[in-house]
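Here is the structure we will look at.
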Amino acid sequence: MANFNEILNHILGVVFIIIIFALAYAYLKPHQLHKRRLVSTLLLKISYLFYLLVLLIVVYFSALVKGGLEQVFFGVEFFAFLIVLFAPTIGILARKLGHFSKKREGYNYFFTVVNIISVLAILLMYFI
Numbered sequence: 004m005a006n007f008n009e010i011l012n013h014i015l016g017v018v019f020i021i022i023i024f025a026l027a028y029a030y031l032k033p034h035q036l037h038k039r040r041l042v043s044t045l046l047l048k049i050s051y052l053f054y055l056l057v058l059l060i061v062v063y064f065s066a067l068v069k070g071g072l073e074q075v076f077f078g079v080e081f082f083a084f085l086i087v088l089f090a091p092t093i094g095i096l097a098r099k100l101g102h103f104s105k106k107r108e109g110y111n112y113f114f115t116v117v118n119i120i121s122v123l124a125i126l127l128m129y130f131i
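Sequential numbering of the sequence shown, starting at 4, is according to our numbering.
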């Protein structure tokens, strides 16, 4: 029989993933789209939510199944993981700044590509 602490850690990990994802969904409101930038806004929000889901699942499996983040991402991979961790989040939070208001559609497409590349990088670092 599995250890009670291990089971509790797995349950809390799943609850943590659900809470973080629900907060991100509530902040982004992907069901409310901009009338002029419909496609770019939808792509940005969906790609960020997909990135966040992949990131949370990989962190969960790394921390609780494979023995910790330092076992999975070590050396240079850890610094790449930190960049991949923060770049899309900074992009999604900075999109409402006044500096990007006139170039918002290009900004949305750029960070959609950043989110997709980040997902690929996370999966490559985790599985290889």
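Backbone N, C-alpha and C fix where the C-beta goes; we use that ideal spot for every residue, glycine too.
Practice problem: Would you tell me roughly how many angstroms separate the C-alpha atoms of residue 103 and residue 128, rounded to the nearest one? | Solution: Position 100 of the sequence shown, counting from 1, holds the residue named residue 103. Position 125 of the sequence shown, counting from 1, holds the residue named residue 128. Straight-line Cα distance between these residues: approximately 32 Å.
Quiz item: What residue range is occupied by the uninterrupted alpha helix (DSSP H) comprising residue 131?
Solution: What you label residue 131 is simply residue 128 of the sequence shown in a count that begins at 1. Premise fails: residue 131 is in no alpha helix (DSSP H) and is neither H nor E.
Exercise. Could you check which residue in 42, 58, 112 has the C-alpha nearest to that of residue 89?
Key: Taking the first residue of the sequence shown as position 1, residue 89 is located at position 86. Among 42, 58, 112, the Cα nearest to that of residue 89 is on 58.
Practice problem: Mark residue 6 as exposed unless 16 or more other C-beta atoms lie within 10 angstroms of its C-beta, in which case mark it buried. | Solution: Translated into positions along the sequence shown, residue 6 becomes position 3. Per the 10 Å Cβ criterion, exposed.
Exercise. May I have the straight-line CA-CA distance separating residue 110 from residue 47, to the nearest angstrom?
Key: Taking the sequence shown and counting its residues from 1, the one referred to as residue 110 is at position 107. Taking the sequence shown and counting its residues from 1, the one referred to as residue 47 is at position 44. Whole-angstrom Cα-Cα distance: 9 Å.
Practice problem: Give every residue of the same chain whose Cβ lies closer than 6 Å to the Cβ of residue 118, excluding the five residues on either side of it in the sequence, and list them in chain order. | Solution: Along the sequence shown, read from residue 1 onward, the residue named residue 118 stands at position 115. Counting only Cβ-Cβ distances below 6 Å, and skipping sequence neighbours, we find 50, 51, 54, 91.
Exercise. Tell me whether the beta-carbon of residue 112 lies closer than 7 Å to the beta-carbon of residue 65.
Key: Along the sequence shown, read from residue 1 onward, the residue named residue 112 stands at position 109. Along the sequence shown, read from residue 1 onward, the residue named residue 65 stands at position 62. With contacts defined by Cβ atoms closer than 7 Å, residue 112 and residue 65 do not form a contacting pair.
Quiz prompt | alpha helix (DSSP H) runs contained entirely in the stretch 68-103, provided each spans 4 or more residues | solution = Listed in chain order, they are 72-75, 79-96.
Quiz item: Do you know offhand how far residue 78's Cα is from residue 124's?
Solution: Stepping through the sequence shown from its first residue, residue 78 is reached at position 75. Stepping through the sequence shown from its first residue, residue 124 is reached at position 121. Answer to the nearest angstrom: the Cα atoms are 15 Å apart.
Quiz item: Given that a residue counts as buried once 16 or more other Cβ atoms are within 10 Å of its Cβ, and exposed if not, what is residue 95?
Solution: Working through the sequence shown from its first residue, we reach residue 95 at position 92. Residue 95 should be labelled buried.
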